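Structure, as structure tokens:
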Amino acid sequence: MVSRVKICGITTLEDALFVADCGADAIGLVFYGPSPRAVSVDQAATITAALPPFVTTVALFVNADPVQVEEVVDRVRIDQLQFHGDESPEYCAQFSRPWMKAIRMRPEVDLLVEAERFAASSALLVDAYQSGIPGGTGARFDWSRIPSTLHKPLVLAGGLSVENVAEGIEQLQPWAVDVSGGVEEAKGVKSHEKIIRFIEKVKQTQF
852 MVSRVKICGI TTLEDALFVA DCGADAIGLV FYGPSPRAVS VDQAATITAA
902 LPPFVTTVAL FVNADPVQVE EVVDRVRIDQ LQFHGDESPE YCAQFSRPWM
952 KAIRMRPEVD LLVEAERFAA SSALLVDAYQ SGIPGGTGAR FDWSRIPSTL
1002 HKPLVLAGGL SVENVAEGIE QLQPWAVDVS GGVEEAKGVK SHEKIIRFIE
1052 KVKQTQF
């Protein structure tokens, strides 16, 4: 198998089309105002309308008002929702889209318990924990904390780059890898060279 690739924090149509051409399986659009990678509903609608088929579009939220999520779902071509805050399973399940829950790997987190709690999710996305920052920290966590008995599609995030993504795939065999800061020149500014190298590395790493 080969892990799927999601490039998160896409902010321009140019970058969206570029990552699609490079073979990314999904793009992530951030609907969280404090993020340097945040997009408006209008921006997102323009980006998703121009994408070729078979590129999954993922909308990322952090403790959002349900009205905001509904507006995005209504106006933007969104295939999957991703929740990065303290959302409950009931909250996540109320919208008319498949969803995955991001789990920030605090020291006390038991991923098997979280998998049971969020059993209705399509996947669990595991990310580094940094106080006050819901994601996109560029930090890596201890991968050995992910149990081999986890029977849930796993999306590996947190501090991934072309230098370490092969190691992560070989160790954890995730369904997908999710990168944002690791393919940027600066916060919110994607590097096309890094995107090419990252996707090539993932596609070359089989398990």
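Heads up, the sequence shown is in the numbering used here, so the first residue is 852 and it goes up one at a time.
C-beta atoms are modelled at their ideal positions from N, C-alpha and C, and glycine is treated no differently.
Owing to the predicted nature of the structure, the values given are computational and were not obtained by experimental measurement.
Short of 7 Å in beta carbon distance, which residues of its chain neighbour residue i, apart from the five on each side in sequence? Order them along the chain.
i       : result
Gly860  : Gly879, Val881, Arg888, Gly987, Ser1031 and Gly1039
Thr907  : Asp876, Ala877, Asp930 and Gln931
Ser1034 : At residue 1034 the sequence reads Val, which differs from the Ser that was named. Closer than 7 Å at the Cβ level, and outside the excluded window around Val1034, lie Ile858, Lys1041, Ser1042, Lys1045, Ile1046 and Phe1049.
Arg957  : Tyr980
Ala953  : Gln933, Phe934, His935, Leu976, Asp978 and Gly986
Leu1001 : Leu962, Leu963 and Ala966
Since residue i and residue j should fall inside the 8 Å C-beta cutoff, what is the C-beta to C-beta distance between them, to a whole number of angstroms?
i       : j       : result
Ala875  : Ile858  : 5 Å
Leu976  : Val1006 : 4 Å
Met852  : Gln1057 : 7 Å
Pro998  : Ser854  : Not a contact, Cβ separation roughly 18 Å.
Val892  : Val927  : 6 Å
Lys1052 : Val1016 : 6 Å
Tyr883  : Val913  : 4 Å
Considering residue i, what are the terminal residues of the beta strand (DSSP E) in which it resides?
i       : result
Ala867  : Not the beta strand (DSSP E): Ala867 falls in the alpha helix (DSSP H), residues Leu864 to Asp872.
Val1053 : Where Val1053 is concerned, there is no enclosing beta strand (DSSP E), although the alpha helix (DSSP H) it sits in stretches over His1043 to Gln1055.
Asp1029 : Ala1027 to Val1030
Glu1036 : Glu1035 to Ala1037
Ala953  : Trp950 to Arg955
Leu963  : Note, Leu963: premise wrong, no beta strand (DSSP E); alpha helix (DSSP H) at Leu962 to Arg968.
Leu975  : Ala974 to Asp978
Asp889  : Note that residue 889 is Ala in the sequence shown here, rather than Asp. From DSSP, Ala889 is part of no beta strand (DSSP E); its letter is neither H nor E.
Val881  : Ala877 to Val881
Phe912  : Thr907 to Phe912
Leu1007 : Leu1005 to Leu1007
For residue i, does the three-state DSSP call read helix, strand or coil?
i       : result
Glu938  : coil
Ile839  : Because the chain here runs from 852 to 1058, residue 839 falls outside it and cannot be looked at.
Gln945  : coil
Asp925  : helix
Ala1017 : helix
Arg996  : helix
Val856  : strand
Gln931  : strand
Leu1023 : helix
Could you name the residues of the same chain whose beta carbon sits closer than 8 Å to that of residue i, not counting the 5 residues immediately before and after it, in chain order?
i      : result
Ser947 : Val924
Arg968 : Pro940
Ala921 : At residue 921 the sequence reads Glu, which differs from the Ala that was named. Phe946, listed in sequence order.
Ala944 : Trp950 and Ala971
Arg991 : Ala979, Gly1009, Gly1010, Leu1011 and Asn1015
If you follow the alpha helix (DSSP H) that residue i is part of, which residue opens it and which one closes it?
i      : result
Thr899 : Val892 to Ala900
Ordered along the chain, which non-local residues of its own chain (more than five positions away) have a Cβ less than 6 Å from that of residue i?
i       : result
Ala1008 : Leu976, Asp978 and Asp1029
Ala974  : Met951, Pro1004 and Val1006
Leu866  : Residue 866 is actually Asp in this sequence, not Leu. So the list reads Lys1041, once near-sequence residues are dropped.
Pro903  : Ala871
**OP:** Could you tell me whether the region 1047-1056 touches the region 895-913, where touching means 3 or more Cβ pairs closer than 8 Å?
**Re:** Contact between the region 1047-1056 and the region 895-913 is absent: fewer than 3 CB-CB pairs across the two stretches fall below 8 Å.
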